[in-house]
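Colleague: Got a structure for you, written out below as structure tokens; questions coming shortly.
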Amino acid sequence: MVRLYNVTKVYPNGVKALVDVTLTVDPGEFVFVVGPSGAGKTTLIRLISREEFPTRGQIIFNGKNIGRFKSREVALFRRQVGMVFQDYRLLPGKTVFENVALAMEITGKPWREIKKRVPEVLSQVGLLSKIRCFPYQLSGGEQQRVSLARALVNRPSLLMADEPTGNLDAENARELIRLLLEINREGTTVLMATHALDIVNVLQKRVVTLREGCLAESETQGSYRYGT
Amino acid sequence: MELRMLWRWWREAFVSLFRNGWLAASATGMVLVSLFLLGFVTLLALNAAHFSRMVEREIEVSVFLSKEVTPDLVRKIRRELEGIEAVAQVTFVPKEKALEKLKKNLGEKSRLLTGLEDDNPLPDAFRVKPKQASEVSFIAEQAAALPGVEKVRYGEDVVEKLLKITDWLRIAAVALVVLFGLAAVFLTMTTIRFSILNREEEIGIMKLLGATNWFVRGPFILQGIIIGFSGAALAAGFLYWGYSSLVQRVQEAAFIFLQPVAGSGVLLMVFGSLLACGVLLGALASALSVHRFLTV
Numbered sequence: 001m002v003r004l005y006n007v008t009k010v011y012p013n014g015v016k017a018l019v020d021v022t023l024t025v026d027p028g029e030f031v032f033v034v035g036p037s038g039a040g041k042t043t044l045i046r047l048i049s050r051e052e053f054p055t056r057g058q059i060i061f062n063g064k065n066i067g068r069f070k071s072r073e074v075a076l077f078r079r080q081v082g083m084v085f086q087d088y089r090l091l092p093g094k095t096v097f098e099n100v101a102l103a104m105e106i107t108g109k110p111w112r113e114i115k116k117r118v119p120e121v122l123s124q125v126g127l128l129s130k131i132r133c134f135p136y137q138l139s140g141g142e143q144q145r146v147s148l149a150r151a152l153v154n155r156p157s158l159l160m161a162d163e164p165t166g167n168l169d170a171e172n173a174r175e176l177i178r179l180l181l182e183i184n185r186e187g188t189t190v191l192m193a194t195h196a197l198d199i200v201n202v203l204q205k206r207v208v209t210l211r212e213g214c215l216a217e218s219e220t221q222g223s224y225r226y227g228t
Numbered sequence: 229m230e231l232r233m234l235w236r237w238w239r240e241a242f243v244s245l246f247r248n249g250w251l252a253a254s255a256t257g258m259v260l261v262s263l264f265l266l267g268f269v270t271l272l273a274l275n276a277a278h279f280s281r282m283v284e285r286e287i288e289v290s291v292f293l294s295k296e297v298t299p300d301l302v303r304k305i306r307r308e309l310e311g312i313e314a315v316a317q318v319t320f321v322p323k324e325k326a327l328e329k330l331k332k333n334l335g336e337k338s339r340l341l342t343g344l345e346d347d348n349p350l351p352d353a354f355r356v357k358p359k360q361a362s363e364v365s366f367i368a369e370q371a372a373a374l375p376g377v378e379k380v381r382y383g384e385d386v387v388e389k390l391l392k393i394t395d396w397l398r399i400a401a402v403a404l405v406v407l408f409g410l411a412a413v414f415l416t417m418t419t420i421r422f423s424i425l426n427r428e429e430e431i432g433i434m435k436l437l438g439a440t441n442w443f444v445r446g447p448f449i450l451q452g453i454i455i456g457f458s459g460a461a462l463a464a465g466f467l468y469w470g471y472s473s474l475v476q477r478v479q480e481a482a483f484i485f486l487q488p489v490a491g492s493g494v495l496l497m498v499f500g501s502l503l504a505c506g507v508l509l510g511a512l513a514s515a516l517s518v519h520r521f522l523t524v
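Next up, the structure:
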């Protein structure tokens with residue numbers, strides 16, 4: 001699904017965020033990307049979503065080099081990738097319904113389909129009752145689930161989450177992980193960058209550890225042993 | 229697909245204008261004020277130009293002939309005068325007519341002139357209208373050189389001063405319009421840009437969700453057009469109301485010489501340009517403001 005070949009990212013200020021990372025994520029996998037702050041987790045995700053370009057190396061998505069995409073191809077590519085962020089990134093001026101509908105409008109889906117699909121995905125994340133609310137009327141956990149609904153509404157083949165539980169309490173974090181696992185079971189590849197070692201260690205999924213920008217370990221049923 | 233996008237642009241533009249009502253209203257107000265001032269100055273400039281034209285139309289060259297000219301020579305001088313490139317119109321004023329006019333001007337005192345009919349001391353003359361007021365001195369020179377011409381008059385001192393004033397009026401008018409035009413562009417652009425400033429994050433999110441540039445740009449440009457159009461329409465409305473009541477008052481006062489520009493064609497053009505300015509500025513300002521945020 002996603003392959004990184006010898007990817008290095010050096011920021012203009014000289015910081016080496018990623019150094020020679022080669023990594024393959026297969027379709028249907030659930031992958032944790034772990035490591036201390038500043039290890040390059042966010043950079044990895046920003047490179048795959050093509051918010052940034054690698055300094056060296058290539059990133060291949062379904063056989064295509066995403067670095068070669070033109071503006072329109074980037075747009076089409078991003079529609080296949082769901083994104084969830086630590087700070088939710090909902091549009092404050094739009095209701096829950098509109099926030100989720102936006103992702104479908106962007107793909108040009110007809111209104112009929114949008115009106116049917118949005119409540120569907122909102123009930124999947126347990127927020128159907130909040131459909132007319134604005135983001136500021138929701139708790140953090142609820143906002144994050146709206147953001148997850150938005151990421152799922154187009155049935156993406158890949159879901160990337162950058163510290164999605166970073167601002168959530170334990171209970172909301174568990175609920176979010178439960179939803180991610182459910183989505184993964186339905187066939188979506190999930191790539192999640194996180195700090196939360198308790199979650200990682202319990203789930204026994206594949207773990208990719210980054211340390212100072214380098215790929216330190218990649219284990220299929222791994223745990224988070226940073227510091228040891 | 230494309231139609232759906234257009235429809236979405238409109239819906240999005242109106243929803244956003246409605247939800248940011250105060251911002252939209254103040255932006256419209258800014259456009260209104262700046263375009264009102266621009267329109268006001270433009271009307272002022274048009275009137276200045278009109279006034280200058282009216283004044284200059286009065287300027288002419290009087291060519292007095294010597295007493296001995298034969299009718300043949302008069303015809304020849306006429307041909308010569310009409311042959312000058314800068315001349316618009318040549319009128320012959322025989323001495324009898326000149327005397328009559330003088331009598332009329334003197335009124336009561338015209339008795340002084342009785343008995344002069346048989347021995348008229350006034351010369352025959354041509355009144356020559358120039359195509360351009362600034363060409364009078366050239367025409368006067370040419371006319372003075374013709375045989376049979378005794379004297380040429382065009383109110384040298386006054387005309388020179390007058391031309392200086394009308395020239396200055398025209399330049400000042402154009403300068404004012406340019407100045408206020410630039411101010412209107414700057415104010416409109418800044419206001420609309422300001423109303424988009426806090427949308428940067430929103431635009432970034434839409435791009436990450438896979439929105440094309442036009443998907444993002446469209447509603448903003450439409451909002452700019454709506455704001456620009458409403459501001460301009462209000463400005464044009466106020467101007468029309470104010471100006472037409474002013475024109476009416478001046479016409480009632482009947483200063484024949486100082487009639488303002490009131491042709492509906494001219495006014496339509498001024499107000500049409502204001503509307504076009506509003507729409508264009510609104511669209512351009514939005515497009516430019518969004519452009520900076522689209523490179524995600």
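Each protein sequence line maps, in turn, to chains A and B. Everything in the first sequence is counted per our numbering, starting at 1 for the first residue and increasing by one. Everything in the second sequence is counted per our numbering, starting at 229 for the first residue and increasing by one. Note that beta-carbon positions come from the ideal geometry of N, C-alpha and C, so glycine has one too.
Where G141(A) and G267(B) are concerned, what is the direct C-alpha to C-alpha distance, given to the nearest angstrom?
Modeller: What you label residue 141(A) is simply residue 141 of the first sequence in a count that begins at 1. What you label residue 267(B) is simply residue 39 of the second sequence in a count that begins at 1. Answer to the nearest angstrom: the Cα atoms are 55 angstroms apart.
Colleague: Would you say T418(B) reaches chain A, if we count a Cβ-Cβ gap shorter than 8 angstroms as a contact?
Modeller: The count along the second sequence starts at 1 and reaches residue 418(B) at position 190. No, its Cβ sits nowhere closer than 8 angstroms to a Cβ of chain A.
Colleague: From L502(B) to L495(B), what does the alpha carbon distance come to, in whole angstroms?
Modeller: The count along the second sequence starts at 1 and reaches residue 502(B) at position 274. The count along the second sequence starts at 1 and reaches residue 495(B) at position 267. Distance between the alpha carbons of L502(B) and L495(B) is about 11 angstroms.
Colleague: With DSSP as the reference, label T22(A) as helix, strand or coil.
Modeller: Within the first sequence, residue 22(A) is the residue found at index 22, counting from 1. Strand, per DSSP.
Colleague: Just list the residues that DSSP pairs M282(B) with in beta bridges.
Modeller: Position 54 of the second sequence, counted from the start, is the residue given in the question as residue 282(B). Note: M282(B) sits in no beta bridge, so no partner.
Colleague: Using the Cα positions of L397(B) and M282(B), report the straight-line distance between them to the nearest angstrom.
Modeller: On the second sequence, residue 397(B) is found 169 positions in, with the first residue counted as 1. On the second sequence, residue 282(B) is found 54 positions in, with the first residue counted as 1. The straight-line gap from Cα to Cα measures roughly 13 angstroms.
Colleague: Which of helix, strand or coil does DSSP assign to M1(A)?
Modeller: One-based indexing of the first sequence puts residue 1(A) at position 1. Looking at M1(A) - three-state DSSP - the assignment turns out to be coil, as it is neither helix nor strand.
Colleague: Please list the residues of the stretch 16–42 of chain A that have a C-beta atom closer than 9 angstroms to any C-beta atom in chain B, keeping them in chain order.
Modeller: none
Colleague: Using only alpha-carbon positions, find the residue among M233(B), F242(B), E288(B) and F292(B) that is nearest to G376(B).
Modeller: Counting from 1 along the second sequence, the entry for residue 376(B) is found at position 148. Here the closest residue by C-alpha is F292(B).
Colleague: How many angstroms separate the CA atom of T319(B) from the CA atom of R339(B)?
Modeller: Start at 1 with the first residue of the second sequence, and residue 319(B) comes out as number 91. Start at 1 with the first residue of the second sequence, and residue 339(B) comes out as number 111. Cα to Cα, T319(B) sits roughly 28 angstroms from R339(B).
Colleague: Have a look at E378(B), E286(B) and T298(B) and flag the residue whose alpha-carbon is nearest the alpha-carbon of Q360(B).
Modeller: Here residue 360(B) refers to the residue found at position 132 when the second sequence is read from its first residue. Of the listed residues, the one whose Cα sits closest to Q360(B) is E286(B).
Colleague: Looking at L229(A): is its Cβ nearer than 8 angstroms to the Cβ of T194(A)?
Modeller: Not covered by the structure: residue 229(A). The range shown for chain A is 1 to 228.
Colleague: The alpha helix (DSSP H) with D162(A) in it runs from where to where?
Modeller: Residue numbering aside, residue 162(A) sits at position 162 when the first sequence is read from its first letter. No alpha helix (DSSP H) holds D162(A); the beta strand (DSSP E) holding it covers L158 to D162.
Colleague: Buried or exposed for N99(A), please, with buried defined as at least 16 other CB atoms from any protein chain shown within 10 angstroms of its CB.
Modeller: The sequence position of residue 99(A) within the first sequence is 99, counting from 1. When all chains shown are included, N99(A) counts as buried.
Colleague: Residues of chain A with CB under 7 angstroms from E284(B), in chain order?
Modeller: For this step, residue 284(B) is matched to residue 56 along the second sequence. Contact note: E284(B) does not reach chain A at a C-beta cutoff of 7 angstroms; the least C-beta distance is about 58 angstroms.
Colleague: Give me the residue from R381(B), Q476(B), D352(B) and L410(B) with the minimum Cα distance to L213(B).
Modeller: Since the first residue of chain B shown is 229 and the last is 524, residue 213(B) is not available in this structure.
Colleague: Could you give the residue range of the alpha helix (DSSP H) that holds Q370(B)?
Modeller: On the second sequence, residue 370(B) is found 142 positions in, with the first residue counted as 1. Note, Q370(B): alpha helix (DSSP H), V364 to A372.
Colleague: Going by DSSP, which residues form a beta bridge with Q58(A)?
Modeller: Walking along the first sequence from the start, residue 58(A) turns up at place 58. Bridge partners of Q58(A): Y5(A).
Colleague: Since T394(B) sits in a beta bridge, which residues does DSSP pair it with?
Modeller: Against the second sequence, residue 394(B) aligns to sequence position 166. Note: T394(B) is not bridge-paired with any residue in the DSSP secondary-structure output.
Colleague: May I ask which residues mark the beginning and end of the beta strand (DSSP E) holding V356(B)?
Modeller: Taking the first residue of the second sequence as 1, we reach residue 356(B) at position 128. From DSSP, the beta strand (DSSP E) with V356(B) extends over A353 to P358.
Colleague: Can you give the Cα-Cα distance for R405(B) and P119(A), rounded to whole angstroms?
Modeller: As a first step, residue 405(B) must be located in the second sequence, where it is residue number 177. As a first step, residue 119(A) must be located in the first sequence, where it is residue number 119. Looking at the sequence provided, one finds Val at residue 405(B) rather than Arg. Those two C-alpha atoms are separated by around 56 angstroms.
Colleague: Any C-beta of chain B sitting closer than 8 angstroms to the C-beta of S223(A)?
Modeller: As a first step, residue 223(A) is located in the first sequence; it is residue number 223 there, counting from the start. No, its Cβ sits nowhere closer than 8 angstroms to a Cβ of chain B.
Colleague: Please confirm whether any heavy atom of the ligand ADP lies closer than 7 angstroms to the CB of L152(A).
Modeller: This structure lacks the ligand ADP, and indeed carries no ligand of any kind.
Colleague: Near I199(A), what residues of its chain come up, given a Cβ to Cβ distance below 6 angstroms and the 5 sequence neighbours on each side ignored?
Modeller: Position 199 of the first sequence, counted from the first residue, corresponds to residue 199(A). For I199(A), where only same-chain residues beyond five positions count, the Cβ hits under 6 angstroms are I177.
Colleague: On the DSSP letters alone, give me the boundaries of the beta strand (DSSP E) that K379(B) sits inside.
Modeller: Taking the second sequence and counting its residues from 1, the one referred to as residue 379(B) is at position 151. In the DSSP assignment, K379(B) falls within the unbroken beta strand (DSSP E) covering V377 to R381.
Colleague: List, from N- to C-terminal side, the beta strand (DSSP E) runs of 3 residues or more that fit wholly inside the stretch 171–201 of chain A.
Modeller: 189–193
Colleague: Quick one: grab the DSSP three-state call for F30(A).
Modeller: Residue numbering aside, residue 30(A) sits at position 30 when the first sequence is read from its first letter. It is a strand residue.
Colleague: Pull up the distance between the alpha-carbon of F408(B) and that of A255(B), whole angstroms please.
Modeller: Residue numbering aside, residue 408(B) sits at position 180 when the second sequence is read from its first letter. Residue numbering aside, residue 255(B) sits at position 27 when the second sequence is read from its first letter. Taking the straight line from one Cα to the other gives about 18 angstroms.
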